[in-house]
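In full-length UniProt numbering, the protein residues as written are 1 to 231.
Glycine residues also receive a C-beta, built at the ideal position from the N, C-alpha and C atoms.
Written as structure tokens, this is what we have:
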């Protein structure tokens, strides 16, 4: 069905959008920070997406998309970089609102170091595969910057917590996208290991996408907070 990918996008954002007006989270009041983070990150990932289409890393099944394309990408794929980050930042903020304690923050640095080590291992293991190299290379750079160069604000415990929760809808949504399949992967450009129908790399693609979004979201919030204190 040609509306499949579009319907998946709608399903992803429907409840986060409706619940954005929840009195405790008040997520709609944070749109001024959310939207710039999404658009900046989305612009980068769209370039990444275009590159991967050109390199035949992945492609889109014409049976499940509308056929409307911009710069060679399906409309639904462009919407993906709006709906998924919005839903993930919403999860992040909901957890922060309902579970504000961060007693496990002291362990987040160790988790980050383990992930940085995993990135290095994956770069060596998949050095000749585009998806593996670019995916883990990007995560290594962003994660390394956030943990070692970003001293203005710390949020990694909250991020990891949100990421683990976001894996639940991830397995549902990405499971559909890869099982039908809507998105078709060239296994010559990834490690060939899958969790169900989902490529192993996709888990860390989500992590990189969410991390850059959350970092920019927190950056914009922090900048306004500093200006408010100075004023």
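Considering just the uninterrupted stretch of the alpha helix (DSSP H) at residue i, what are its terminal residues?
i: residue 156; result: 156-179
i: residue 131; result: 130-148
i: residue 25; result: Unbroken run through residue 25: none, as it is neither H nor E.
By Cβ distance below 8 Å, which residues in the same chain neighbour residue i in space, the five residues on each side in sequence not counted?
i: residue 55; result: 130 and 189
i: residue 107; result: 157
i: residue 93; result: 25, 27 and 30
i: residue 142; result: 208, 211, 212 and 215
Below 7 Å CB to CB, which residues in the same chain sit around residue i once its five sequence neighbours on both sides are set aside?
i: residue 136; result: 119, 122, 123 and 204
i: residue 207; result: 139 and 163
i: residue 64; result: 1, 2, 4, 5, 180 and 182
i: residue 200; result: 191, 193 and 194
i: residue 81; result: 42, 45 and 46
i: residue 91; result: 162, 165 and 166
Which of the three DSSP states is assigned to residue i in this structure?
i: residue 184; result: strand
i: residue 79; result: helix
i: residue 220; result: helix
i: residue 153; result: coil
i: residue 195; result: strand
i: residue 100; result: coil
i: residue 54; result: helix
i: residue 106; result: helix
i: residue 115; result: helix
How about residue i and residue j: do their beta carbons lie closer than 8 Å?
i: residue 197; j: residue 228; result: no
i: residue 213; j: residue 83; result: no
i: residue 216; j: residue 37; result: yes
i: residue 53; j: residue 67; result: no
i: residue 111; j: residue 211; result: no
In terms of residues, what are the limits of the beta strand (DSSP E) holding residue i?
i: residue 59; result: 58-60
Report yes or no: is there a C-beta of chain D within less than 8 Å of the C-beta of residue i?
i: residue 174; result: Protein chain content of the structure displayed is limited to a single chain, and chain D is not contained in it.
Got a sec? Which residues, its chain only, sit under 6 Å from residue i by beta carbon, not counting five neighbours each side?
i: residue 221; result: 33
i: residue 128; result: none
Can at least three beta-carbon pairs, one atom from the segment 61-77 and one from the segment 14-30, be found at a separation below 8 Å?
Cβ pair count under 8 Å is below three, so no.
Inter-stretch contact (C-beta, 8 Å, three-pair minimum) for the segment 23-41 and the segment 159-174:
Contact between the segment 23-41 and the segment 159-174 is absent: fewer than 3 CB-CB pairs across the two stretches fall below 8 Å.
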